[in-house]
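Visitor:
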Amino acid sequence: MQPIQEKSSLPPYLNKSLEDLPGEQWDMIPDFGDSYMVSSLGRVKSLSRTLYFRNGRCRQQKEIILSAGLVKASNHFIGDYTTSLSVTLWWEGEKKTFSIRRLVYHCFVEPIDLFSYEFLILCKDGNGLNLHYENLEIATYHQKLKQTFQRHRSVSCFAWLDMKAIVQSDLEGVCGRSPNMIWKE
46 MQPIQEKSSL
56 PPYLNKSLED
66 LPGEQWDMIP
76 DFGDSYMVSS
86 LGRVKSLSRT
96 LYFRNGRCRQ
106 QKEIILSAGL
116 VKASNHFIGD
126 YTTSLSVTLW
136 WEGEKKTFSI
146 RRLVYHCFVE
156 PIDLFSYEFL
166 ILCKDGNGLN
176 LHYENLEIAT
186 YHQKLKQTFQ
196 RHRSVSCFAW
206 LDMKAIVQSD
216 LEGVCGRSPN
226 MIWKE
């Protein structure tokens with residue numbers, strides 16, 4: 046059995062305390078009425094409100110910090126994975142799952158379309174669990190791929206263009222190209 050950690054030593058996404066963390070700021074998530082807030086550290090709060098059901102019943106919802114879903118994506122090239130955090134919110138009577146980094150970026154950096162994935166939100170330090178608003182940047186898919194190659198987390202399918210052929214000659218000095226390729230040094 047693992048020892049119980051103090052709440053202050055937990056990473057923000059695991060801390061479910063309603064108390065603000067040091068340096069934490071909160072902002073309403075637009076388009077969700079007065080239902081949800083997101084913090085500058087990546088925590089999502091469901092606010093106290095009355096919920097009305099189709100059958101006519103209602104109940105009082107208490108304010109809570111929502112659990113973040115941990116999403117792991119395998120990287121077969123280097124044998125590890127990347128992580129991201131998501132949260133499920135009610136929107137127009139349906140459950141919708143959102144990337145928490147998109148919510149933080151939208152509320153603390155600059156507004157973006159939460160429902161369009163034309164742009165991605167990346168973590169500058171590569172740690173998908175560090176959702177502090179200063180660690181987030183907007184990028185296109187092309188920029189994300191370029192970053193992936195620069196961090197040696199994948200190889201471009203065009204890497205063969207950076208190869209050179211082995212030049213061979215026979216006993217008469219006739220040169221030919223070998224189909225074998227080697228990487229440039």
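Numbering (our numbering), first residue to last: 46 to 230. Just so you know, even glycine gets a beta-carbon here, dropped at the ideal spot from N, CA and C. Remember, it's a predicted structure, so these values are computed and weren't measured experimentally.
Going by DSSP, what residues sit across from Gln106 in a beta bridge?
Guide: Beta-bridge pairing links Gln106 to Arg94.
Visitor: Does Ala113 pass the burial test, meaning 16 or more other C-beta atoms within 10 Å, or should it be called exposed?
Guide: So Ala113 ends up on the buried side.
Visitor: Judging by CA-CA distance, which residue of His187, Arg146, Arg94 and Gly124 is the nearest neighbour of Cys103?
Guide: Among His187, Arg146, Arg94 and Gly124, the Cα nearest to that of Cys103 is on Arg94.
Visitor: Do Leu55 and Gly68 come within 9 Å of each other at the CB atom, strictly closer than that value?
Guide: Contact flag unset, no.
Visitor: Closest by CA to Leu148, which one among Glu139, Lys140 and Asp158?
Guide: Leu148 has its Cα closest to that of Asp158, out of Glu139, Lys140 and Asp158.
Visitor: Cα-Cα, which of Phe98, Lys141 and Phe194 is closest to Phe160?
Guide: Answer by Cα proximity: Lys141.
Visitor: Less than 6 Å between C-beta atoms, sequence neighbours within five positions excluded: which residues of the same chain meet that for Ser119?
Guide: Closer than 6 Å at Cβ, skipping near neighbours: Tyr126.
Visitor: Looking at C-alpha atoms only, which residue of Glu64, Ile183 and Ser84 is the closest neighbour of Leu167?
Guide: Here the closest residue by C-alpha is Ile183.
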